[in-house]
Each structure stands twice: as C-alpha cells, then as structure tokens.
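There are 2 protein chains.
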Amino acid sequence: MANAVVSQSGGPTGVINASLVGVIEEARNHPDIDTLYGAVHAVAGIVKDEFIDLTDVSDETLEILAASPSSGLGSSRDKPDKAYVEKMINVFKKRNIEYFFYIGGNDSANTCYIVNQVADEMGLDLKAFHIPKTIDNDLRVTDHCPGYGTAAKFVACALMGDDLDNRALPGVKIDVIMGREAGWLTAATALGKQRDDDGPHLQYFPEKPVSMEKMAADIKAVYDKLGRCVVAVSEGIRAEDGNLWGKKLQENAEVDAHGNVQLSGSGALADFLATEIKSRLGIARVRADTFGYLQRSFAGLQSKTDAEEARRCGRQAVIYSKDNDNGSVAMKRVGTGKDYKIELFMTELKNVAEHTKDLDEKYINSEGNGITEAFVDYAMPLVGDLPRTEYLGNRPKV
Amino acid sequence: MANAVVSQSGGPTGVINASLVGVIEEARNHPDIDTLYGAVHAVAGIVKDEFIDLTDVSDETLEILAASPSSGLGSSRDKPDKAYVEKMINVFKKRNIEYFFYIGGNDSANTCYIVNQVADEMGLDLKAFHIPKTIDNDLRVTDHCPGYGTAAKFVACALMGDDLDNRALPGVKIDVIMGREAGWLTAATALGKQRDDDGPHLQYFPEKPVSMEKMAADIKAVYDKLGRCVVAVSEGIRAEDGNLWGKKLQENAEVDAHGNVQLSGSGALADFLATEIKSRLGIARVRADTFGYLQRSFAGLQSKTDAEEARRCGRQAVIYSKDNDNGSVAMKRVGTGKDYKIELFMTELKNVAEHTKDLDEKYINSEGNGITEAFVDYAMPLVGDLPRTEYLGNRPKV
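Okay, here's the thing in structure tokens:
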C-alpha cells in the first residue's frame with residue numbers, strides 16, 4: 001500500500017475537473033492506493049506540502065465538481081527545474097506517495113517525465129502518469145484533447161450568435177480566439193454554420209501567416225458581396241515574417257515560466273485589427289471582441305462527449321498505473337460520424353512532452369482562410385449538438 | 001381589415017425574437033389584421049419599402065426563431081426625423097398598414113410615439129405599439145425588460161467560471177460588462193455567487209462615479225485578504241467629474257444617431273484598467289476581459305422565464321391594439337420569490353420614451369462597489385436556475 005497524489009496544471013478548461021473526478025473514483029478501486037491526496041496549485045503546492053485528502057469526497061460533490069469549469073485543485077504555471085523536482089520527491093517520500101497523476105498540457109507531460117526520472121535517481125519507485133487537457137487541442141499522439149470539445153462548443157455558439165448579430169447590424173466584426181500557437185479552436189468557430197452565407201466568413205490560423213494587406217483584401221471581398229463580414233482570428237496569428245502579431249503589439253510582452261508569450265487577457269490585437277481594417281477599407285462599422293477567459297471557464301456549458309471522455313481519461317490513468325511505471329493517456333478514434341467512438345491507449349510521456357500539434361493541413365482550405373468539410377467531420381462529434389437558429393431578414397421581399 | 005407591420009430596433013438581445021414570434025402568433029388571432037409584414041432592418045427597411053410576409057411562417061420555424069438570439073428581421077440605429085417619418089407613413093398608406101408594432105428600447109418607444117403622431121397629422125389611422133427589449137434593463141415603468149434576464153444569465157455564468165479560473169491562477173481579473181449608462185447588467189454578474197469568498201468581489205456601476213484611487217484601494221484590500229480579486233466594471237462607469245471613463249479613452253469616440261457614445265466593441269477600457277491596476281499595485285498577474293457582444297447574442301443560452309415573458313409581451317401588444325390607439329407593454333411583478341409572477345399592463349409611449357432607469361439605489365451596497373440582497377431577490381427569478389459549482393482547493397490541508 002502507498003499513497004497517491006493528483007493535481008492540475010496550466011490553464012483551466014471546462015472539463016479538467018471531470019478528469020480529476022475520474023482519477024478520484026478509479027483510485028477507490030485500486031487495491032494498492034491508500035490515501036489519494038490532491039496537491040493544491042499543482043507543483044507549487046507539492047513543494048509547499050499543501051495537500052488535501054480526496055479519499056472521502058462525497059459522490060454528490062464529485063458530480064458537481066465534474067460539471068464545474070476551471071481547476072478544482074487550483075493550478076500553477078511554475079516550470080520545475082531539477083532542484084524544484086528534488087523538493088517534490090522529498091515531499092513524496094515523506095508522505096509515502098508512489099503515484100503521481102498530473103492533468104495538463106505538454107509542459108505538464110514534460111514535468112511528469114522529469115519527476116519520474118528524478119524519483120528514480122533519488123530511489124523512489126514513483127509511478128507518474130499524465131492526463132491530457134487543453135482547450136488548444138495541440139497535444140501530439142492523441143486524436144484530440146479533453147477540454148477542446150467544450151471550448152469548441154463555446155466558440156461555435158458564440159459565433160452563431162455573433163453572426164446573427166452582424167446580420168442585424170451589418171458591418172465588419174472581428175473575434176479574437178484563444179488557442180496559443182495552434183488554430184484548432186479558431187477552426188471550431190465555424191462549426192455552427194447553417195446557411196450558405198453564415199459567418200465566420202474568414203478564419204485566420206497561426207499555421208498560415210497572413211499579411212494585413214491579404215486580410216484586408218479578403219474582408220473587402222466578403223463585404224462587397226454580402227454587405228457584412230465576420231472574421232475569426234487566432235490570438236496566435238503570425239505575420240508573413242513569422243512573428244506573432246500579438247507579440248509585435250506588446251512592447252513588454254509577458255512571458256511565462258515555460259517561455260510562452262502571454263497572448264490572452266488583453267484586447268490589444270482585436271483593437272489593432274479593427275482600427276487597421278476601418279482605416280484601410282473605410283467601412284464605418286467595424287467592431288472587435290476578444291473572447292478571453294470565457295472560452296475556457298464558462299459555467300454550465302460543457303460538451304457532454306468531452307466531459308465523458310475527460311473522465312474516462314482520468315480513470316484510465318489510474319488503471320494504467322497498476323501495470324506500468326509511467327505514461328500519458330491518449331485517445332484513438334475507432335468510429336466516425338454517428339458511429340463516433342474512441343478507445344484509450346497509453347503513449348510515452350516523451351511523445352507528448354516535446355512538441356505541440358498544429359492544425360492539420362487537410363483541415364485548412366486552399367486559401368488558408370477557412371476550414372474544410374474534413375474538419376467539420378473531425379470536430380463535430382467532440383462538440384455534440386449545437387442549437388439551430390433562424391433568421392428571417394433574408395427571405396424574399398414582398 | 002387592414003395590414004400590420006412589425007420590426008425590431010436597436011441592439012439585439014437573446015429574446016427579441018421571442019417577442020417577434022409573440023406578435024406573429026397573436027396577429028393570427030386578430031380578426032382585423034389581414035397581412036402581417038416584417039420590415040427588414042426596422043425603420044430603414046420601412047422607408048425603403050423592404051417587407052417580408054410573416055403571415056404564413058411555419059410553426060416549426062417560429063419555435064426555432066423564438067429560441068434564436070439577435071434580431072431575426074434585422075435592426076437599425078437610424079433616428080427618424082420628421083421627413084423620415086413622413087416617408088414611413090406614405091409607405092404605410094400605400095400598403096394599407098394600420099398597425100405598427102415596434103420592438104426596442106426607449107429610443108424605439110420615442111420613434112413609435114412620433115410615428116403615431118405624424119400618422120395622425122397625415123390622416124392615417126395608425127395604431128402604434130412599443131414592445132420593450134433591452135439587455136440593459138434601463139426602461140422606465142416596467143419592472144424589468146425582456147432581454148435582461150438572458151443577458152444576466154450569461155454574465156452570471158461567465159463570472160462563476162471566471163471566479164473559479166481566478167482561484168486556479170490567482171491575480172486580479174477585471175471584466176468589463178455591457179449596460180450602457182445603467183449598472184443593471186453589471187449587478188447581475190454577482191448572481192451566481194455560492195461561497196463567501198466567491199467573486200466578483202467588487203462591482204462598479206455608472207450610478208456610482210469612482211476614482212482610480214478608490215478602485216485601486218478597493219482592489220488592494222481584497223487582494224491583501226484573499227490573494228486574488230475579481231472585478232466587474234460597467235462599460236459606462238464614470239469618473240468623479242461625471243465623465244464616462246470610456247469616453248475619455250476614445251479620442252474620436254463614435255456617437256450613434258441617437259447621440260449615444262459607442263461603448264462596446266473595443267477592449268480599450270479593460271486594457272486601461274488592467275495597466276493602471278498593475279502599475280499602481282505592483283501585482284504581477286492582472287488580466288482584463290471585455291465581454292462584448294457575446295452578452296447579447298450567444299446561441300443556446302436563454303433564460304426560460306425571459307423568453308416566455310418576451311413572447312407574452314409581443315402577444316399582448318397585438319391584444320392591446322384591438323381597443324387602443326397606442327401604448328407600450330410593461331410588466332408588473334405580482335408575486336416574489338418562488339411565487340414570482342408578472343402581469344402585463346399598458347403604459348403611455350411617452351412614459352418609456354423620454355428617460356432611462358438607473359440601477360436602483362437600494363440594490364447598491366453602501367460602499368458603492370457591490371450589490372445588496374434585495375437585488376438578488378429582484379433579479380434571480382428573471383435569470384432562473386444557475387449551475388452549482390465546486391472548488392476543492394480551499395478545503396483544510398492535511
């Protein structure tokens with residue numbers, strides 16, 4: 001018998017708590033796990049020895065938690081170096097912890113890998129498992145990431161509403177979408193399109209650098225045709241020189257411990273684009289919104305599929321820990337369309353830790369400013385049903 | 001027998017289409033109404049003689065429409081002068097229109113009043129009825145406005161999630177909320193609070209001018225106590241000199257035809273506040289989001305009560321038109337708490353047209369930076385059930 005610890009790292013998502021609940025409920029079935037601790041604020045809580053006991057959390061609390069957005073144990077953006085990890089291992093030893101379940105993105109997979117190695121060096125037989133989460137959907141190996149479907153649902157519903165708003169009061173509307181340096185979430189803004197002329201009419205992804213000239217020309221073409229234009233732009237879009245537009249705008253760009261530039265939490269990119277488009281095209285009504293943290297932490301708007309998968313991933317990590325030393329849980333799609341189904345498998349931490357995954361070329365249209373049907377087929381099962389909408393203003397005049 | 005026209009004006013809401021559907025379904029019961037036209041883009045469509053026929057829209061379409069955000073007939077921000085209204089009346093005469101149903105805010109009530117008067121002068125026996133809508137909840141006479149409950153639900157769910165996000169990654173978070181020059185919607189950001197230390201911890205309303213010094217001191221006090229702080233700020237907040245902060249920030253502030261300054265569609269206020277707080281308090285993590293148009297046009301997130309009331313208001317306008325020449329539909333609360341109930345009544349257009357309604361003094365706490373229990377009692381029935389959430393990180397450490 002030994003103890004286990006679970007924690008959550010990086011940016012919150014709408015279903016990271018579902019994965020946590022999966023770990024908690026499966027740990028109860030694991031004969032070799034005694035106490036399950038939750039480390040508060042991830043690695044930062046571990047080095048400070050700040051744990052709560054998750055062994056006896058009530059089922060009712062677990063169900064509410066599984067449906068709650070954000071990280072129920074708190075999070076951290078610390079990037080542990082060797083000395084930091086050694087501190088962690090000493091705490092693990094003191095508490096007889098031999099299982100480490102870490103829910104996070106690729107930086108967290110990397111931390112998991114290092115923790116597993118240093119534990120080995122320090123003579124602790126620690127099992128270390130990574131459970132994927134990110135709204136950005138940029139993890140390798142897995143078909144998609146828990147957290148993405150829920151954020152995708154949010155931005156799809158948002159753009160459905162925003163497009164109808166833009167029909168009512170026409171003009172150019174620019175929406176800046178999260179996703180860091182991958183275009184997956186921006187791609188999802190188009191999932192709710194129902195009519196031929198529904199927006200977003202243009203989408204710009206980090207994978208396809210674009211000049212202000214090209215973007216303005218694209219917008220002008222749509223506006224000339226429809227009298228309006230809705231544009232979804234990734235916070236991570238790059239200019240043709242390869243530099244992040246967002247970075248260019250921030251004289252003192254904030255960089256986190258992992259070397260990531262702070263792209264969210266400011267409306268600068270949206271406002272810059274609106275001002276540029278307004279002055280270049282001479283269109284009176286140009287508006288811009290930055291969707292911000294709403295995309296990852298909105299209460300009451302989970303994708304059911306996403307929440308179920310996140311929970312399964314949490315449970316599976318505990319199951320893998322019975323017969324394995326370390327690994328990352330991944331999803332494989334074994335059925336498509338109405339037969340959509342996933343199977344879980346284990347992959348090496350290194351495979352997930354080192355790089356991120358771009359929006360696939362086959363999901364981007366030839367112009368580089370929209371998605372393909374293949375993307376809709378890929379993403380719709382993750383999002384689930386979207387509401388239908390009606391607009392009457394385009395009916396024949398009498 | 002005569003024809004009728006219905007249209008929608010001003011900013012969209014989540015239930016303005018429910019009111020439209022109410023007009024359409026009740027017009028079918030009205031023996032004296034022949035064809036019901038929809039004017040596309042409000043008064044702008046009327047002067048251009050751009051109408052669609054709403055008489056035979058299918059029930060299925062109507063139900064989807066009633067659940068769709070934004071204005072299904074399109075909208076307009078035109079402010080008709082005398083010549084403009086005369087053009088409208090000429091179109092009405094040509095089309096044998098003797099009923100005018102206009103869904104909008106106080107500017108629309110005013111338009112309705114003028115249209116009714118000019119029709120009289122021009123010898124047209126026109127019945128003109130205003131149906132209230134606004135997410136701002138700033139119309140006089142009525143207990144509350146259709147559109148407010150749905151927007152209130154959105155911001156309540158948003159702040160529930162945002163507060164959990166801020167627990168996970170502590171710092172100062174500032175959210176800029178719509179509402180123009182009334183604090184009703186900003187007040188609603190606190191409706192989802194469940195725990196004593198849940199945010200928003202501070203709320204700033206246009207009704208209570210506040211200096212940067214005071215706001216910074218308030219934030220510091222919360223941050224010193226909790227290690228984090230979530231702040232909801234109305235887009236219409238005023239400095240102590242009475243001027244809009246948003247206006248101060250816009251060198252070339254856009255003003256619409258009604259003389260309203262454009263407060264939405266830019267992240268400038270949020271970014272300004274974040275920069276100020278960061279430099280004044282020396283707190284590393286300060287983020288700001290501007291919720292923007294999501295608050296009024298998000299697909300799939302209606303308040304059920306709001307949608308039902310909006311529809312009733314639409315139907316009632318048609319019923320009033322049988323025995324009255326003009327008026328505005330208003331709501332009166334005849335039961336509170338679990339017995340919440342409203343009755344509809346008619347008020348004069350002038351009563352709604354001339355002024356707006358501030359957030360009531362009794363709903364603002366003595367410090368001017370939060371709400372009272374009386375506001376929760378007032379607003380909760382309009383929003384309906386909110387999701388419950390859990391956070392474990394504040395449990396006792398073991």
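Just so you know, the sequences run in chain order A and B. Counting in full-length UniProt numbering, the first sequence runs from 1 upward without gaps. Counting in full-length UniProt numbering, the second sequence runs from 1 upward without gaps. The C-beta atom is built at its ideal place from N, Cα and C for all residues, glycine as well.
How should residue i be labelled, buried or exposed, when 16 other C-beta atoms within 10 angstroms of its C-beta is the threshold for buried?
| i | result |
| --- | --- |
| alanine 217 of chain B | exposed |
| lysine 173 of chain B | buried |
| threonine 290 of chain A | buried |
| glutamine 295 of chain A | buried |
| methionine 1 of chain A | exposed |
| alanine 4 of chain A | buried |
| arginine 195 of chain B | exposed |
| proline 146 of chain B | buried |
| aspartate 271 of chain A | buried |
| glycine 335 of chain B | exposed |
| lysine 133 of chain A | buried |
| threonine 275 of chain A | exposed |
| glycine 267 of chain B | buried |
| aspartate 339 of chain B | exposed |
| serine 7 of chain B | buried |
| residue 400 of chain A | In the structure as shown, chain A begins at 1 and stops at 398. Residue 400 of chain A is therefore absent and cannot be evaluated. |
Which same chain residues, not among the five before or five after residue i, have their C-beta less than 6 Å away from its C-beta?
| i | result |
| --- | --- |
| glycine 45 of chain A | Ala39 |
| lysine 153 of chain A | Ser303, Val383 |
| methionine 346 of chain A | Tyr320, Gly327 |
| cysteine 229 of chain A | Val172, His201, Ile219, Val222, Tyr223 |
| threonine 150 of chain A | Gly14, Val15, Gln302, Ser303, Asp306 |
| threonine 186 of chain A | Ile177, Gly179, Gln203, Phe205, Ala232, Ser234 |
Tell me, which residues are paired with residue i by DSSP?
| i | result |
| --- | --- |
| glutamine 8 of chain A | A:Ile103 |
| glutamine 203 of chain A | A:Ala232 |
| arginine 238 of chain B | B:Leu244 |
| isoleucine 33 of chain B | B:Ala2 |
| arginine 28 of chain B | Note: arginine 28 of chain B sits in no beta bridge, so no partner. |
| aspartate 175 of chain A | A:Ala232, A:Asp289 |
| isoleucine 364 of chain A | A:Ile371 |
| serine 328 of chain B | B:His130, B:Thr347 |
| threonine 389 of chain B | Bridge partners of threonine 389 of chain B: none, in fact. |
| residue 400 of chain B | Not covered by the structure: residue 400 of chain B. The range shown for chain B is 1 to 398. |
| glycine 267 of chain B | Paired residue(s): none; glycine 267 of chain B is not in a bridge. |
| glycine 38 of chain B | B:Val6, B:Ile52 |
| threonine 356 of chain B | B:Leu139 |
For residue i, which of helix, strand or coil comes out of DSSP?
| i | result |
| --- | --- |
| glutamate 343 of chain A | strand |
| phenylalanine 298 of chain A | coil |
| isoleucine 371 of chain A | strand |
| glutamate 50 of chain A | coil |
| isoleucine 135 of chain A | coil |
| phenylalanine 129 of chain B | strand |
| glutamate 308 of chain A | helix |
| tryptophan 98 of chain B | First, the residue type needs correcting, since residue 98 of chain B is glutamate and not tryptophan in the sequence shown. Glutamate 98 of chain B: strand per DSSP, three-state reduction. |
| isoleucine 283 of chain A | coil |
| arginine 395 of chain A | coil |
| alanine 156 of chain A | helix |
| asparagine 110 of chain A | helix |
| threonine 189 of chain B | coil |
| proline 381 of chain A | helix |
| arginine 195 of chain A | coil |
| glutamate 86 of chain A | helix |
| serine 303 of chain B | coil |
Given residue i, which residues of its chain have a CB within under 8 Å of its CB, disregarding the five upstream and five downstream residues?
| i | result |
| --- | --- |
| leucine 281 of chain A | Val172, Ala216, Ile219, Lys220, Tyr223 |
| proline 12 of chain A | Pro69, Ser70, Ser71, Ser75, Arg296, Ser297 |
| aspartate 325 of chain A | Asn116, Lys127, Ala128 |
| glycine 242 of chain B | Pro209 |
| valine 124 of chain B | With the sequence shown as reference, residue 124 of chain B is identified as leucine, and valine is not the correct amino acid for it. If we look at leucine 124 of chain B and ignore the five residues flanking it on each side, its Cβ neighbours are Ile89, Phe92, Lys93, Glu98. |
| leucine 344 of chain A | Arg312, Cys313, Gln316, Val329, Ala330, Met331, Lys332 |
| leucine 62 of chain A | Val21, Ile24, Glu25 |
So residue i and residue j are in contact, right, with Cβ under 8 Å, and what is the actual spacing, rounded?
| i | j | result |
| --- | --- | --- |
| cysteine 112 of chain A | glycine 300 of chain B | Incorrect: roughly 36 Å between the Cβ atoms, too far for contact. |
| phenylalanine 51 of chain B | valine 318 of chain B | At roughly 18 Å, the Cβ-Cβ gap does not stay under 8 Å, so phenylalanine 51 of chain B and valine 318 of chain B are not in contact. |
| arginine 167 of chain B | isoleucine 64 of chain A | Going by Cβ atoms, the distance from arginine 167 of chain B to isoleucine 64 of chain A rounds to 15 Å, so no, they are not a contact pair. |
Spatial neighbours of residue i within its chain, please: C-beta separation below 7 Å, excluding the five flanking residues on both sides.
| i | result |
| --- | --- |
| asparagine 252 of chain A | Residue placement at asparagine 252 of chain A cannot be trusted, given a pLDDT of 46 that sits under 50; what the coordinates show is reported in the next sentence. Here the set comprises nothing. |
| glycine 183 of chain A | Phe205, Pro206, Glu207, Ser234, Leu359 |
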